[in-house]
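For reference, each letter of the sequence shown is one residue, going -27 to -1, 1 to 138 in mature numbering (1 follows the signal peptide of the UniProt record, and there is no 0).
Ideal Cβ placement from N, Cα and C applies to all residues, glycine included.
Since we're looking at a predicted model, the values are computed, not measured.
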Amino acid sequence: MKIQTSRLLFALGFALPLAIAAGPLQAAQTHDHGHAAAELALDHGQKWATDDPLRQAMGNLHQAVARALPEAHAGALSDAGYDALGAQANRELAYIVENCKLEPQADAVLHVILADVVEGAGIAGGQHAGQARAAGVVRLAEALNRYGEYFDHPGWQAIRIPHES
């Protein structure tokens, strides 16, 4: 993810205020670094390499989502719990943007997944009127599971999502 640092900082300078003021969907659209047409793909049949900052942030988010999902599924997660999860997801995203250094192709694939993380965080955080906040937790879990399918993160385990076969 050795992308142009100035472009990253410039994009981040716009993405963070948009995320705060206008919600996660707009942040996902702003945070593309020119990879808008990227699709999920493996690296010649292998998972993409990761770095320590990416593994740390995704691991933190995995733990938080795995803890929240059973309560969300049971209808027992409080508004404060949803808010905390959405806020943590946004903190982990900011950490990834600031610290993760992947090669450009891996970065492009990662951004497809991170767009779903942004969306899930917004739904869980109550920023999408009319959508159940629990659906945001599920969206986060699905994005994390996709991350594990496409990125080499030792010890990564998929999150079991209720009602999925």
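| Item | Value |
| --- | --- |
| Close-in-space but distant-in-sequence residues of the same chain around residue 79 (CB under 6 Å, 5 per side omitted) | 21 |
| Per DSSP, the bridge partner or partners of residue 36 | Paired residues: none, contrary to the question. |
| Where residue 49 falls, given that 16 or more other Cβ within 10 Å makes a residue buried | exposed |
| Residue 69 - containing alpha helix (DSSP H), residue span | 52 to 72 |
| CA-to-CA distance, residue 96 to residue 39, given in whole angstroms | 17 Å |
| Residue 136 classed as buried or exposed, judged by whether at least 16 other C-beta atoms fall within 10 angstroms | exposed |
| C-alpha distance - residue 60 paired with residue 90, whole-angstrom precision | 12 Å |
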